[in-house]
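Quick notes on the structure that follows.
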Amino acid sequence: MRFSKKNLLSLAGAILIYFLVYWLQAAGVISAFQEINLMMVGINIILAVSLNLIVGFTGQLALGHAGFMAVGAYVSAILTTNLGQPFPVAILAGACTAAVAGIIIGLPTLRLRGDYLAIATLGFGEIIRGAANNINYIGGAAGMIGIPQLTNWTWLYLMMVLTILVIVNFLNSTHGRACVAIRENEIAAETMGINTTYYKVLAFAMGAFFAGIAGALYAHYFYLIQPATFTFFRSFDILVMVVFGGLGSITGSIIAAAAITIINAALQDLAVLRMVIYAVLLIVIMVFRPQGLMGTREFTLDRWVPKRGEASGSAGN
Amino acid sequence: MALLETRDLTISFGGLMAVANVDLCLQQGELVGLIGPNGAGKTTIFNLLTGVYRPTRGEIIFNGRSLVGLKPYQITQRGIARTFQNIRLFGNLSVLDNIRIAYHWHSRYGILNAIFRLPSFHQGEAAILARSQELLRIFKLEPYQYEKAKNLPYGEQRRLEIARALAARPKLLLLDEPAAGMNPQETKELMTLINWIRQEFDLTILLIEHDMSLVMGICERIYVLDYGQVIAEGPPEDIRNNERVIEAYLGREVNGVAPQGGKS
Amino acid sequence: MAVFLQQIINGLSLGSIYALIALGYTMVYGIIQLINFAHGDILMVGAYIAFFGVVYLKLNIWLAFIISMIGSAILGVLIERVAYKPLRNAGRLAPLITAIGVSLFLENGGLMVLGTEIRSYPAGLITSAQLPLAIFGIKLTATTLQLLILAITIAMMIILQYIVHYTWAGKAMRAVSYDPDAARLMGINVDNTISVTFALGSAFAAVAGILLGLYYNTIHPLMGIMPGLKAFVAAVIGGIGLIPGAMVGGFALGIFETMVSGYWSSKLRDPIVFLLLILILLVKPSGLLGKNNTEKV
């Protein structure tokens with residue numbers, strides 16, 4: 001790794017945030033309710049950033065992200081709860097299984113375009129949920145209980161930073177540009193020597209991998225998972241964050257995931273009214289800002305740090 | 001040995017023979033024109049050569065190997081690049097990124113190198129950047145390198161598309177109506193550019209064009225297509241005087257200069 | 001064999017309802033290429049309008065049908081004007097998100113106003129008797145309700161075919177769905193045509209909602225979610241944007257679902273339906289009746 005001034009600043013910022021929250025938590029300033037939402041912010045950031053890779057950057061409309069999350073959640077929970085494996089092993093296994101699911105789904109369905117792909121991926125998500133509903137080993141419709149609570153701030157933060165770092169580094173390379181080229185014009189991309197099938201499947205696999213991590217973190221924080229947690233509404237939720245933040249903007253996804261999670265938490269006491277307000281907000285914001293908060297732009301440190309004369313990438317370094 | 005040879009190249013859509021029994025032969029370094037009335041099947045031949053369509057019948061031999069059944073990206077990697085009649089740039093990306101994407105398959109570093117930012121990533125990216133900017137300089141597009149491609153003036157978009165095709169480092173370049181929508185001055189400059197890149201990049205070029213001043217001016221040999229079939233082949237002066245061509249295509253405008261702003 | 005035929009009879013009524021909902025999806029998709037996720041919830045609103053009409057205004061069921069269709073049509077047009085029209089040139093995803101927003105609004109607004117209780121239409125609203133049937137000497141049963149559902153659906157489809165093919169509004173709809181810009185140049189009011197499409201689709205959804213309420217004997221604020229999604233699947237199976245596709249897809253899905261429940265397990269029904277969807281799309285990427293449109297290069 002090469003450290004430019006900008007990278008060092010980002011690194012310092014990331015470490016500072018970690019210790020700040022760690023200290024606040026140790027000092028007992030963060031309430032139990034706030035902690036839950038903090039965890040949800042982190043998990044949703046992982047989900048939104050990974051879905052943005054598929055939808056926003058590669059241009060493949062996928063509505064099955066909750067399915068990949070479910071795979072990660074269940075596989076990791078089986079490993080820790082039933083097989084007594086350590087948490088890191090469980091996270092990795094959950095993520096890898098989700099990635100394999102991504103490839104299995106990606107390979108055949110990527111012949112489909114646009115809305116057909118959307119409904120096929122939605123269907124796959126529902127198939128995964130339906131399977132979980134029917135397998136007694138993982139509790140059927142009642143779900144799995146008694147999963148050890150292993151997710152803490154350190155794990156969450158580590159995984160979140162890892163997700164963002166890997167995806168941003170991927171996007172700012174020739175491989176990431178290949179994905180963006182597919183979004184912009186698939187035929188031209190293919191005539192420029194890009195193996196479009198390979199990159200579409202790769203985007204699916206990577207997106208699913210990180211959704212699997214999010215699922216593992218979720219399962220080991222709430223120590224209870226049910227098929228009902230992973231309905232297509234959950235996939236919609238993630239898509240809303242991605243579109244709201246801006247398709248093709250990683251920082252947009254991060255901001256939107258955090259904002260939407262916090263808005264949801266703030267309206268908690270309003271019961272059903274909360275969802276009504278949420279729905280109205282969603283409509284109003286999209287009508288007035290259809291490109292999302294950030295569009296395809298990134299919030300970068302470039303504004304404060306002089307550039308090294310490098311070209312502008314499609315995502316912030 | 002010919003660089004590109006098609007034998008009995010045929011494709012039918014439903015019952016319609018869009019291209020029938022076409023035999024083309026391009027020698028290394030040639031600049032060949034492909035002309036014909038609208039709907040004669042010119043672009044379809046390009047689509048066959050680049051793997052967008054699969055021929056119903058016939059053979060395409062490039063550099064001694066058959067291209068039939070290969071995917072477009074594999075054909076590009078074998079050394080054929082093209083431009084499109086209706087410009088297909090990556091509109092929302094910068095001019096520079098348009099070029100960098102075409103260098104993609106020449107880049108040597110893998111995904112893990114990118115994710116972990118290993119030295120080979122930095123070397124690879126530096127090489128891509130240097131080559132891309134060199135190409136932009138040649139095409140006088142350097143001032144626009146950070147602009148979105150879709151915001152470029154039309155003529156510049158056409159030039160960028162040619163530059164992008166060259167970035168894939170082809171042996172054979174297919175240009176689909178490169179002068180469409182250009183004024184006479186721009187067309188003249190384009191002719192100079194095409195001649196120059198042919199020398200500079202050691203290219204063989206096959207081009208579709210409606211602007212007769214361009215075709216007659218720079219092509220060494222011309223194929224004339226009508227209803228999917230080759231009706232004439234030869235140097236410009238022969239084509240100009242060929243009865244069948246005049247009948248099928250040029251009509252009364254045999255004076256060498258076609259009407260301005262032919263259809264795009 | 002008897003079980004098989006019986007499942008077909010049961011599947012036909014469920015399939016009718018799916019087909020009615022799928023028609024609305026497909027009409028809207030055909031004209032503005034939007035997956036109107038709120039369509040399933042319009043169905044719920046339609047079911048409730050009829051419920052209140054029958055229970056509180058003591059309306060006759062047929063009058064309730066009409067009022068519910070009108071009410072839902074107005075709602076559909078309203079939704080289009082507020083949530084989709086401003087986004088017509090904003091790409092594909094922004095209106096998809098507002099559609100999800102409208103869907104959430106109707107579901108949760110419904111829960112807030114109507115509460116979570118499950119209601120049902122008053123008994124005796126439609127007298128449903130068992131009809132003994134015999135096909136090739138095999139004894140089967142159908143209810144008059146099942147026949148009624150089928151009859152209403154077929155009547156609605158005939159009306160729709162008439163509207164689409166023989167009225168000015170229908171011709172305008174076809175023109176707009178073929179090429180909105182050319183239609184505009186031909187003097188067609190595209191905005192109004194889109195509104196008419198939403199009104200028609202929503203009126204169909206209202207009928208489907210009431211029939212669904214009668215069929216399952218329950219209505220609930222979230223009743224539209226699953227049938228809505230299934231009907232969308234049906235529209236895709238048939239070839240989205242195609243009116244005959246929605247009919248074929250709806251009936252096919254209804255029959256397939258009852259077969260799976262009848263022969264196998266109702267718990268496996270939903271995942272298998274989605275599996276079928278994916279298999280069909282893999283073989284025919286644009287649905288059973290769809291043409292494979294590849295992009296012109």
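Protein chains in written order, with UniProt numbering: chain H, 1 to 317; chain C, 1 to 264; chain A, 1 to 297.
Note that CB positions come from ideal geometry on N, CA and C, so glycine has one too.
Tell me whether residue i sits in a helix, a strand or coil according to DSSP, three-state version.
i	result
Met-286 of chain H	helix
Ile-243 of chain A	helix
Cys-96 of chain H	helix
Val-19 of chain C	strand
Leu-117 of chain H	helix
Leu-214 of chain A	helix
Gly-18 of chain H	This sequence places Tyr at residue 18 of chain H; Gly is not what is there. Helix at Tyr-18 of chain H.
Ala-155 of chain A	helix
Ile-61 of chain C	strand
Asp-181 of chain A	helix
Phe-13 of chain C	strand
Glu-247 of chain C	helix
Met-206 of chain H	helix
Gln-25 of chain H	helix
Leu-175 of chain C	strand
Pro-119 of chain C	helix
Determine, using beta carbons only, whether residue i comes closer than 8 Å to chain A.
i	result
Ile-119 of chain H	yes
Ala-131 of chain H	yes
Gly-123 of chain H	yes
Asp-269 of chain H	no
Val-298 of chain H	For clarity, residue 298 of chain H is Glu in the given sequence; the question names Val instead. Answer no: the Cβ-Cβ gap between Glu-298 of chain H and chain A never drops below 8 Å.
With distance defined between alpha-carbon atoms, name the residue in the options nearest to residue i.
i	options	result
Leu-289 of chain A	A:Met-247, A:Ile-74, A:Ile-32	A:Met-247
Ile-213 of chain H	H:Ser-50, H:Leu-117, H:Ile-250	H:Ser-50
Val-41 of chain H	H:Val-89, H:Tyr-218, H:Ala-12, H:Tyr-22	H:Tyr-218
Met-275 of chain H	H:Phe-233, H:Ile-135, H:Leu-239	H:Phe-233
Asn-217 of chain A	A:Leu-268, A:Ala-175, A:Ile-32, A:Tyr-48	A:Tyr-48
Ile-225 of chain H	H:Ser-76, H:Gly-13, H:Leu-107	H:Ser-76
Arg-183 of chain H	C:Asn-63, C:Val-19, C:Asn-92, C:Ile-138	C:Asn-92
Ala-141 of chain H	H:Gly-252, H:Gly-295, H:Pro-148, H:Gly-130	H:Gly-130
Got a sec: does the ligand GTP put a non-hydrogen atom nearer than 7 Å to the Cβ of residue i?
i	result
Gly-250 of chain A	Within the structure as shown, the ligand GTP is missing, as the structure has no ligands at all.
Is the shortest distance between the beta-carbon of residue i and the beta-carbons of chain H less than 8 Å?
i	result
Lys-291 of chain A	no
Tyr-53 of chain C	no
Asn-63 of chain C	no
Gly-101 of chain A	yes
Asn-86 of chain C	no
Asp-270 of chain A	yes
Ile-197 of chain C	no
Gln-157 of chain C	no
Arg-82 of chain C	yes
residue 273 of chain C	This structure cannot speak to residue 273 of chain C, because chain C is shown only from 1 to 264.
Ala-175 of chain A	no
His-210 of chain C	no
Ala-97 of chain C	The sequence given here has Asp at residue 97 of chain C, not Ala. Yes, its Cβ sits closer than 8 Å to a Cβ of chain H.
Beta-carbon of residue i versus every beta-carbon of chain C: anything under 8 Å?
i	result
Val-174 of chain H	Here residue 174 of chain H is Thr; the residue named in the question, Val, does not match the sequence. So, interface residue.
Ala-95 of chain H	no
Ala-188 of chain H	yes
Asn-185 of chain H	yes
Ala-315 of chain H	In this predicted model, Ala-315 of chain H has a pLDDT of only 40, less than 50, meaning its place in the structure is not dependable; the value taken from the coordinates is given anyway. Not closer than 8 Å to any Cβ of chain C, the Cβ of Ala-315 of chain H fails to qualify, so no.
Thr-163 of chain H	no
residue 322 of chain H	Since the first residue of chain H shown is 1 and the last is 317, residue 322 of chain H is not available in this structure.
Ala-73 of chain H	no
Asn-169 of chain H	yes
Ala-12 of chain H	no
Just checking my contact of residue i with residue j at CB under 8 Å: how many whole Å lie between their CB atoms?
i	j	result
Phe-230 of chain H	Gly-67 of chain H	7 Å
Ala-205 of chain H	Ile-43 of chain H	The Cβ separation is near 20 Å, so there is no contact.
Ala-169 of chain A	Ile-163 of chain A	7 Å
Phe-209 of chain H	Ile-46 of chain H	Rounded, the Cβ-Cβ distance is 10 Å, inconsistent with contact.
Ile-262 of chain H	Phe-244 of chain H	13 Å between Cβ atoms; not a contact.
Gln-6 of chain A	Met-259 of chain A	Not quite, the Cβ-Cβ distance comes to about 11 Å (not below 8 Å), so this is no contact.
Open item on the list: What are the residues in the segment 190–218 of chain H lying within 8 Å of chain C by C-beta distance?
Closed with: Along the segment 190–218 of chain H, the positions whose C-beta sits under 8 Å from a C-beta of chain C are Glu-190, Thr-191, Met-192, Gly-193, Ile-194, Asn-195, Thr-196, Leu-202, read in chain order.
Open item on the list: Which residues of the segment 108–122 of chain C have a Cβ closer than 7 Å to any Cβ of chain H? Give them in chain order.
Closed with: Near chain H, meaning a CB-to-CB distance below 7 Å, the residues of the segment 108–122 of chain C are Ile-111, Ala-114, Ile-115, Arg-117, Phe-121, His-122.
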